[in-house]
């Protein structure tokens, strides 16, 4: 069901186009000296009735339009007996029917309008070419425009629905990402906290108070560390972008003695891709800060064509790499976006991530 024209963007053309309906008065003006005052009044009344019905139609939804369309056909058919100017008005009926109705019903009303033009032209004006030709030409032209307007409106509706679905999916994806981030941040820490708490309980039960105090101290330190990481993650969710995250990682590396080389270019990606990149860079940067024995690092973030590239390299050579939950989580995020993640160990430890992005 189509809404009223007045509630769509088509309303502007619908009302502005009424300027062309003034050609209805052309025969009256041309033959003014031969037209009686009563005839002029009847022409004006007929035009007023047409305008009233047409404007009424623009405020009705499609299921209530039929009576108005029939009334317009009847009024203009009868009005053709008064003036040939009705040839400029039949097209507006076709515009309304083409916009409001499905193809079959639009064709039905189009046939009725064309029949009304031909029959009224033959009945009242002897099939005058000055009436039938303009009436048919204008009616078919405006009818086609009404059909195009309907198609454009439906296309916009589909686009809006798709955008709403994309927004909903993006929101869902963001929720899942936040859930994964919190799981990665807290899952390991909470597991250790639980183990240490049970261990402390057993030590207290066996009166190993000194060892219990050490475990409790470690437990408190781990809890504070986890709280700090959660706050940091929440801050990132609210404020951070990729560039600021890279700069922060570089600054932290330099503070502990790293020599850092950057190759950062402007990128244009969706918020979902950007938030994933932030967590990838944070996770790998945290691994370097905590576990690396290197002293130089190279970090690159570039975008060319439809590929976003992240490269992080340090001057250390590892015989093997034990991929924990953090790296597994990175692979899951990259895979979710349809990208690839490769870690090479020789001759240098290097992380390469490629993520496809929309052009």
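Residue numbers (my numbering): 9 to 367. Where a beta carbon is used, it is the ideal one built from N, C-alpha and C, also for glycine. This structure is a prediction, so every number in the text was calculated from the model and none was measured.
Length of the line joining the Cα atoms of residue i and residue j
i: residue 145; j: residue 138; result: 11 Å
i: residue 184; j: residue 12; result: 40 Å
i: residue 22; j: residue 179; result: 38 Å
i: residue 43; j: residue 86; result: 18 Å
i: residue 9; j: residue 149; result: 24 Å
i: residue 60; j: residue 25; result: 15 Å
i: residue 73; j: residue 40; result: 36 Å
i: residue 303; j: residue 258; result: 12 Å
i: residue 32; j: residue 170; result: 43 Å
i: residue 176; j: residue 160; result: 24 Å
i: residue 117; j: residue 124; result: 10 Å
i: residue 212; j: residue 264; result: 39 Å
i: residue 247; j: residue 189; result: For residue 247, the pLDDT reaches just 49, beneath the cut-off of 50, and the residue's location in the model is therefore unreliable, although a value from the coordinates is still provided. Cα to Cα, residue 247 sits roughly 16 Å from residue 189.
i: residue 328; j: residue 312; result: 32 Å
i: residue 70; j: residue 249; result: 48 Å
i: residue 274; j: residue 339; result: 24 Å
i: residue 198; j: residue 209; result: 16 Å
i: residue 236; j: residue 194; result: 11 Å
i: residue 319; j: residue 270; result: 10 Å
i: residue 166; j: residue 173; result: 10 Å
i: residue 276; j: residue 359; result: 22 Å
i: residue 347; j: residue 286; result: 15 Å
i: residue 111; j: residue 54; result: 30 Å
i: residue 136; j: residue 162; result: 39 Å
i: residue 45; j: residue 38; result: 14 Å
i: residue 119; j: residue 168; result: 34 Å
i: residue 130; j: residue 103; result: 23 Å
i: residue 288; j: residue 192; result: 12 Å
Sequence-distant residues of its chain with Cβ nearer than 8 Å to residue i (five each side left out)
i: residue 281; result: 316, 345, 363, 365
i: residue 1; result: Nothing in the structure corresponds to residue 1, since the chain is present only between 9 and 367.
i: residue 325; result: 353, 354, 355, 356, 357
i: residue 301; result: 324
i: residue 201; result: 227, 230, 231, 234
7 Å CB neighbourhood of residue i in its chain, flanking five on each side removed
i: residue 272; result: 251, 254, 309
i: residue 76; result: 61, 64, 65, 68
i: residue 205; result: 227
i: residue 48; result: 36
i: residue 128; result: 85, 88
i: residue 133; result: 92, 139
i: residue 50; result: 90
Neighbourhood of residue i by C-beta distance below 6 Å, restricted to the same chain and skipping five residues each side
i: residue 261; result: 268, 305
i: residue 35; result: 91, 92, 93
i: residue 19; result: 13
i: residue 106; result: 114, 151, 154, 155
i: residue 80; result: 61, 101
i: residue 349; result: 339, 342, 361
Nearest candidate by alpha-carbon position, reference residue i, set the options
i: residue 297; options: 155, 328, 95, 256; result: 256
i: residue 278; options: 102, 52, 314, 321; result: 314
i: residue 299; options: 331, 286, 319; result: 331
i: residue 113; options: 311, 303, 155; result: 155
i: residue 187; options: 29, 238, 143, 167; result: 238
i: residue 147; options: 96, 226, 199; result: 96
i: residue 143; options: 56, 132, 121, 307; result: 121
i: residue 126; options: 54, 98, 214; result: 98
i: residue 108; options: 79, 217, 115, 158; result: 158
i: residue 57; options: 88, 140, 37, 83; result: 83
i: residue 164; options: 27, 16, 351, 322; result: 16
Cβ-heavy atom distance, residue i to the ligand NAD, below 8 Å
i: residue 18; result: Absent from the structure shown: the ligand NAD. Ligands present: none.
For the structure I just gave you, are there three or more beta carbon pairs, one from the region 289–300 and one from the region 329–342, closer than 8 Å? yes
3-residue-minimum beta strand (DSSP E) runs that sit fully inside the region 249–294, ordered along the chain: 267–272
So, do the region 215–222 and the region 230–240 have three or more beta carbon pairs nearer to each other than 8 Å? no
Taking only runs that begin and end inside the region 294–363, name each unbroken alpha helix (DSSP H) of 4 or more residues, in chain order. 333–344
Which complete beta strand (DSSP E) runs does the region 29–53 hold, if anything under 3 residues is left out? none
Taking only runs that begin and end inside the region 79–131, name each unbroken alpha helix (DSSP H) of 4 or more residues, in chain order. 98–108
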